[in-house]
Amino acid sequence: MELVAQSWLEQQCKLIQGVTSGVLMLGVPENGAFSPVACWPEGSTTSPTLLAIARKAMEKKRGVVTSTPDKSQSQRRQRDTIGYPLVIKDQLVGIVALEIDTLPEASRRSVTQLLKLGTVWLEMLIDQHTTTDRQNLITVLEMAALSLEHKRFQVAATALATELAMRMDCTRATIGFLHGERIYIQAMSHSARIDTRTNLARGIAAAMEEAIDQDTVIACPVSQDNSVTITRAHEELVQQQGNGAICTVPLVDDGTIIGALTLERDGDQPFDIQTIELFRQIAAMVGPALELKRRDDRWLLGKAGESLRSVLAKLLGPRHIVMKLATTASIALVVFMALVDGQYRVTADAALEGQVQRAVVAPIDGYINSSDIRAGDIVQTGQLMGELDDKDLKLEYEKLTSERNQHIREQRSAMAAHERAKASILSAQIEQSNAQLRLVEEQLERLHIVSPFDGVVVSGDLSQSLGSPVARGDVLFEVAPLDAYRLILKVNENDVRTINVGQTGKLRLSSIPGDTLPISIAKITPVAEASEGSNYFRVEARLHSEPAQLRPGMEGVAKIEIGERKLAWIWTHKLVDWMRLWAWTWWT
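Under the numbering used here, the sequence shown has 197 at position 141, and the numbering climbs by one with no breaks.
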């Protein structure tokens, strides 16, 4: 066994590019006493890194890949260590560990797959306690590599059949796969096209089905008498070809028969026991690889159909209780959603505004003198909110008063001198001065900025702007009443079609999340505004009750009652609408 193990490890390390060292450990199943029986390069000592990855693979009972720096090099580089367990009948019998130059992820998967296929052959040897010579080992590994070399299934199967026929001195090698209950020939040596309607193809297919039905290797003429097998189809194929020898080996993947491999020779070269065993080993190696390529090479509908059949088999067959319960619950949920009605509501962000919002503006050009009011303060009608500086106006008032007094004195002198014309002119100038004085007095009164009504200051804070100039008409404060509000909803354009005036709903504000306020739609503004990557329509609503805690500027979430709909429609209509729009966009 040690000679076989050393030969297997040497061929495996040579077949996989970049391997620097390797070790194969064997022992009594499941007792944990595993020891190295083969090392590569031959005669080398096993590194601690390989022993560590082997122990890890033994503990986890699955393939393990780790990356470690190579400290023996002047320029440090990463190396991969791969450990793979040998499991026979759910029992751990050995571990193989390799140290290899770091490869890309795709190449690493190929190496792992090749190592997995290589262990199949070695596992079979350990299980059956048989030996084989060095050339047979090379042949098995080369056939496995050939089955993995080509990307397409048909090319790989044809190349493998042709190489088998040439390497094993066979006149023909044929590979067939099961589809349902029937076998279909997929590849034949030295043949690019296969006519399944010929008698030869039908005879080979019958021989394959005969071996698959009995789940055994069939050779004709029979090479051993210790087993009872039915060989009628094989005998008919031999008679059809004249004089020859035929051997059929079932192909197995994960314990399931997937097809068969049939080889034909001349009558003077019958298949002996050693050759049949070699065919069995080759079939065990190439079967999973060809099945993997066949599955990947199918059309999408074929993959979907097989997946559906697999799921149905689990649902209708034994076991898989969890899957059946989950499927039953899902079907019940779908039926429930399709039959039961629910209340459909449109959700929208909401903001509270005063029904009347008055702007308090600067009456004249001037400078801010004082202000104790800021946003959020409650004000009463006529309450002083701020003052503008009155120095300039007082100086102007004194100037106009002085001019008026001068005009009065001059008028009196003109009347004493009986200068009526001059007195009339001075009388008009006095009236002009009086008018200007009244204007200044009015402006002085307006310097006191007062609240127009009882309410709350929504915006404005002049306490940080004392002495700053303001122009006539500048907004200084905004005041909203405390007893009249309106609610502004931002309704997404996808939902606005379902909103109508008069519909009712409920509101919850962030500041009082425990209270639900009834609302009703009052007005829909036919103008959209963009916000956060979506279009929204402004919808006004009325509050049916106005708690004392309400203040302008509060925000929350409103839900508008639309009516009853099926639960399935409520939960999926947005997705369906999006898919319709997407399909229409790409429809040519």
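C-beta atoms are modelled at their ideal positions from N, C-alpha and C, and glycine is treated no differently.
It should be emphasised that the depicted structure is a prediction, and the values quoted were computed from it without experimental measurement.
Practice problem: Report the option in Pro608, Gln439, Val396, Gly311 whose CA atom is closest to the CA atom of Gly432. | Solution: The option with the nearest alpha carbon to Gly432 is Pro608.
Quiz item: Exposed or buried, what is Val149 when buried is set at 16 or more other beta-carbons lying within 10 Å of its beta-carbon?
Solution: Around the beta carbon of Val149, 16 or more other beta carbons sit within 10 angstroms, so the residue counts as buried.
Quiz item: Helix or strand or just coil, what does DSSP make of Pro374?
Solution: Three-state result, Pro374: coil.
Quiz prompt | Three-way DSSP call (helix, strand, coil) for Cys226 in this model | solution = DSSP places Cys226 outside both helix and strand once states are collapsed to three, so it counts as coil.
Quiz item: Expressed to the nearest angstrom, what Euclidean distance is found between the alpha-carbon atoms of Lys172 and Ile156?
Solution: One C-alpha to the other measures close to 16 Å.
Self-check item: Lys478 - partner residues in DSSP beta bridges
Solution: Lys478 is not bridged to any residue.
Practice problem: May I ask you to check if the CB of Ala301 is nearer than 6 Å to at least one heavy atom of the ligand SAH? | Solution: Absent from the structure shown: the ligand SAH. Ligands present: none.
Self-check item: Lys715 classed as buried or exposed, judged by whether at least 16 other C-beta atoms fall within 10 angstroms
Solution: Summary: the structure shown does not reach residue 715, with the chain confined to residues 57 through 644, and so no result is reported for it.
Exercise. Mind checking which residues open and close the beta strand (DSSP E) that includes Val626?
Key: Sequence check: residue 626 is Ile here, not Val. No beta strand (DSSP E) contains Ile626, which is instead part of the alpha helix (DSSP H) from 623-642.
Quiz item: Can at least three beta-carbon pairs, one atom from the stretch 487-494 and one from the stretch 414-425, be found at a separation below 8 Å?
Solution: Result no; under three Cβ-Cβ pairs closer than 8 Å.
Practice problem: Measure from the alpha carbon of Cys303 to the alpha carbon of each residue in Phe327, Gln296, Arg288, then state which is nearest. | Solution: With distances taken between Cα atoms, Cys303 lies closest to Phe327.
Exercise. For Val613, name the three-state secondary structure that DSSP assigns.
Key: Three-state DSSP puts Val613 in a strand.
Quiz item: Among the residues of its own chain, which have a CB less than 6 Å from the CB of Gln462, if the five just before and after it don't count?
Solution: Taken in chain order, the list of residues that qualify is empty.
Quiz item: Hey, out of Ser166, Val121, Asp146, Arg165, whose CA is closest to Val152's CA?
Solution: It is Val121 whose Cα lies nearest to the Cα of Val152.
Quiz prompt | Trp96 - DSSP class collapsed to helix/strand/coil | solution = Secondary structure at Trp96: strand, using DSSP grouped into helix, strand and coil.
Self-check item: Residue span of the alpha helix (DSSP H) that contains Gly259, given as start and end
Solution: Per DSSP, Gly259 belongs to the alpha helix (DSSP H) from 255-270.
Self-check item: Assumed close pair Arg598, Ser576 - CB separation to whole angstroms, cut-off 8 Å
Solution: Going by Cβ atoms, the distance from Arg598 to Ser576 rounds to 5 Å, so yes, they are a contact pair.
Self-check item: Where Leu543 sits in the DSSP three-state scheme
Solution: Residue state for Leu543 is assigned as strand, using DSSP reduced to three classes.
Quiz item: Start and end of the beta strand (DSSP E) containing Val531?
Solution: Here the beta strand (DSSP E) through Val531 covers 531-536.
Quiz item: Can you tell me whether DSSP reads Asn192 as helix, strand or coil?
Solution: Note: Asn192 maps to helix in three-state DSSP.
Self-check item: Inter-residue Cα distance where the pair is Glu98 and Glu347
Solution: About 35 Å.
Quiz item: By the 10 Å Cβ neighbour count, where 16 or more other Cβ atoms means buried, how is Ser295 classified, buried or exposed?
Solution: Note on identity: in this sequence residue 295 is Gln, with Ser being the wrong assignment. So Gln295 ends up on the exposed side.
Practice problem: Below 8 Å on the Cβ atoms is my guess for Tyr541 versus Leu408; work out the distance and round it to an integer in Å. | Solution: About 6 Å; that satisfies the 8 Å criterion.
Quiz item: In angstroms, rounded to a whole number, what distance separates the CA positions of Arg430 and Ala477?
Solution: Rounded to whole angstroms, Arg430 to Ala477 spans 58 Å at the Cα level.
Quiz item: To the nearest angstrom, how far is it from the Cα of Leu59 to the Cα of Arg258?
Solution: Here the alpha carbons of Arg258 and Leu59 stand approximately 44 Å from one another.
Self-check item: Residues that His235 bridges to, as DSSP identifies them
Solution: Arg238, per the DSSP bridge assignment.
Exercise. Rounded to whole angstroms, what's the CA-CA distance from Arg321 to Thr272? Just pull it up for me.
Key: Cα atoms of Arg321 and Thr272: separation of roughly 20 Å, rounded to the nearest angstrom.
Practice problem: Would you mind working out which of Thr195, Gly139, Gln191 sits nearest Gln169, comparing C-alpha positions? | Solution: Among Thr195, Gly139, Gln191, the Cα nearest to that of Gln169 belongs to Gly139.
Quiz prompt | Length at least 4, wholly inside the stretch 418-493: the alpha helix (DSSP H) runs in chain order | solution = Those alpha helix (DSSP H) runs which fall completely within the stretch 418-493 and span 4+ residues are 447-472.
Quiz item: What is the rounded straight-line gap between the Cα of Val378 and the Cα of Phe392?
Solution: C-alpha separation (whole angstroms): 21 Å.
Quiz prompt | Top-ranked residue by Cα proximity to Asn548, from Tyr592, Gly361, Ala527, Trp64 | solution = Each of Tyr592, Gly361, Ala527, Trp64 was checked against the Cα of Asn548, and the nearest Cα belongs to Tyr592.
Quiz item: Alpha carbon to alpha carbon, how far is Tyr240 from Val342?
Solution: C-alpha of Tyr240 to C-alpha of Val342: approximately 18 Å in a straight line.
Quiz item: In angstroms, rounded to a whole number, what distance separates the CA positions of Glu602 and Asp539?
Solution: Rounded to the nearest angstrom, the two C-alpha atoms are 8 Å apart.
Quiz item: Exposed or buried, Glu66, counting other C-beta atoms within 10 Å across all chains shown (16 or more means buried)?
Solution: Classification for Glu66: buried.
Self-check item: contact_flag[the stretch 455-469, the stretch 515-532] where n(CB pairs < 8 Å) is 3 or more
Solution: Counting C-beta pairs closer than 8 Å gives fewer than three between the stretch 455-469 and the stretch 515-532, which falls short of the contact rule.
Self-check item: Of the residues Ser123, Leu142, Asp571, Arg502, the one placed nearest Lys117, counting alpha carbons only
Solution: Taking the Cα of Lys117 as reference, the smallest distance to any Cα among Ser123, Leu142, Asp571, Arg502 is reached at Leu142.
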